[in-house]
Structure formats: C-alpha cells, structure tokens
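All remarks here apply to the structure that follows.
In this note's numbering, the protein residues as written are 982 to 1105.
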C-alpha cells in the first residue's frame, strides 16, 4: 500500500503544509513590543522592537524620557524646567526673574514698575 506524505509549515510560517504564509508577528499586539515602540517584521517569525522618539529602552519596555533631569532641560539657571511630553520641556523664569526661560532670566527691578508700589512722592 502507498503512503501519504505529511506536510507541515516551517518555523515562522503558518498554514496547512500545502499552502504556507509568512507569520508577521507585528500584526498581533504590536508583536509583543511596547506600545511606545515600533515593531518591524524582519523575516518569517522574527521582529525587532525599537522605542519611538522621546522614549528609551529595549523596545519591549520603553520609558518616557524626562528632558528636565539633565542640565535643567536646557533651561536658564534661574528658570524652572517643566516636562511637557516625551523628551519635551517648557522653561519659565522663576519668580522675581523675567525673560524667555531658555536664554535669559534677569532679576526684575521692582522699582521700574509703578515705582515699586511706593507713593507718588517717594523714591523706590
């Protein structure tokens, strides 16, 4: 009696053995990568995970970069750095200082505004 051939798909492929198609791991649940990463199908059953801009990690775990942690986020020394998004910051001069927060924050001369709150016949 004759025997019947048994066919099965190779690793990284799916199907009934007669017809096999490549498995794209990225199509399901971002390939197991972090929601903050890009999944790239490399070959049958293989993928890479790369953290998106503004995030750091191995692709499976991606954490938001806090730009304020290093060097006050590029803000002036007399400014406060506020994280506004992944590796994005806003710089605001501290109370008593005026400027753009990034390049300059000069002390405010209170006497220049409404004579510092002093009366009309007094000097600030």
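Beta carbons are placed, not taken as given, at the ideal position from N, Cα and C, and that holds for glycine.
*Say whether the region 1075-1087 touches the region 1050-1059, bearing in mind that this needs 3 or more beta-carbon pairs closer than 8 angstroms, one atom from each stretch.*
Yes: at least three Cβ pairs fall under 8 angstroms.
*Quickly, what does DSSP pair residue 1061 with across the bridge? List them, please.*
Walking along the chain shown from the start, residue 1061 turns up at place 80. DSSP output for residue 1061 lists 1073 as bridge partner(s).
*Closest residue to residue 1008 among 1002, 1020, 1000 (Cα-Cα distance)*: In the chain shown, the residue the question calls residue 1008 occupies position 27. Residue 1008 has its Cα closest to that of 1020, out of 1002, 1020, 1000.
*In the DSSP assignment, find the unbroken beta strand (DSSP E) run with residue 1036 in it and report its ends.*
In the chain shown, counting from the first residue as 1, residue 1036 sits at position 55. Here the beta strand (DSSP E) through residue 1036 covers 1036-1038.
_Taking the beta strand (DSSP E) that residue 1008 belongs to, which residues open and close that run?_
Against the chain shown, residue 1008 aligns to sequence position 27. Unbroken run through residue 1008: none, as it is neither H nor E.
*In angstroms with no decimal places, state the Cα-to-Cα distance between residue 1010 and residue 1074.*
What you label residue 1010 is simply residue 29 of the chain shown in a count that begins at 1. What you label residue 1074 is simply residue 93 of the chain shown in a count that begins at 1. Roughly 44 angstroms between the two C-alpha positions.
*Any idea what DSSP makes of residue 1086, helix, strand or coil?*
Within the chain shown, numbered from 1, the residue matching residue 1086 stands at position 105. Looking at residue 1086 - three-state DSSP - the assignment turns out to be coil, as it is neither helix nor strand.
*Within its chain, find whatever has a CB closer than 7 angstroms to the CB of residue 1104; leave out the 5 residues flanking it on each side and keep chain order.*
For this step, residue 1104 is matched to residue 123 along the chain shown. Around residue 1104: no qualifying Cβ.
_C-alpha distance - residue 1016 paired with residue 1005, whole-angstrom precision_ = Here the question's residue 1016 lines up with position 35 in the chain shown. Here the question's residue 1005 lines up with position 24 in the chain shown. Roughly 17 angstroms between the two C-alpha positions.
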